[in-house]
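Here the structure is laid out as structure tokens; the discussion comes afterwards.
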Amino acid sequence: MPAQGGAARPAPARRMPRPRLTGLGGGLFACAGMVLVAGICWLLFSSSLFVYGLLFVPVAAAAALWVRPADLITAPISAPIAFAAGVWPISGGSGGFGGQLMGLVSALSLHAGWLYAGTLVAALIAVVRKAVLIGKRRLPRRTASTS
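Encoded structure:
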């Protein structure tokens, strides 16, 4: 049905949801996402740590994109915690607590490249978002002072 003026209104563009997670919520989102990824890797890929690391990067990026601007510093901090929380079930340790702990330490050390990559992505996204926010704050001051 056309609008009052006879022209049809354009359909709203689909975009990413606005960042609304607190720092704690972003960390919990990343941890829950990585535990879910670990379950998928365990079921479909025989506990492949390569696939787990590959899927860690987009989860870390999503957590950095959806955290509130006031909590941007928490994104690169929660990413490695989420990696460790999710890798524990698929790390392959055996024989009690000591064996599980050694499996976790081995998985973290052997796949540190993925851990660094996801953390770097989260940190870069947080820095760019913060720079954009600072630029938006300074823009109105420049235009008001030049007029």
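Just add 3 to the spot in the sequence shown (first one is 1) and you have the working numbering.
Just so you know, even glycine gets a beta-carbon here, dropped at the ideal spot from N, CA and C.
- Counted as a single uninterrupted DSSP element, the alpha helix (DSSP H) harbouring Ala65 occupies residues 52-69.
- Secondary structure within the segment 91-122: not one fully enclosed beta strand (DSSP E) run of 3 or more consecutive residues is present.
- The beta-carbon distance between Val54 and Ala85, rounded to whole angstroms, is 16 Å. This is too long to meet the 8 Å contact definition.
- Excluding its 5 nearest sequence neighbours in each direction, Gly102 has C-beta neighbours in its own chain below 6 Å: Gly96, listed in chain order.
- Pairwise C-beta distances place the segment 120-138 in contact with the segment 71-81, as three or more of them are shorter than 8 Å.
- Residue pairing by DSSP places Leu24 opposite Val70 in a beta bridge.
- Cβ contact annotation for His114 (same chain, cutoff 7 Å, sequence separation greater than five): Leu52, Gly56, in chain order.
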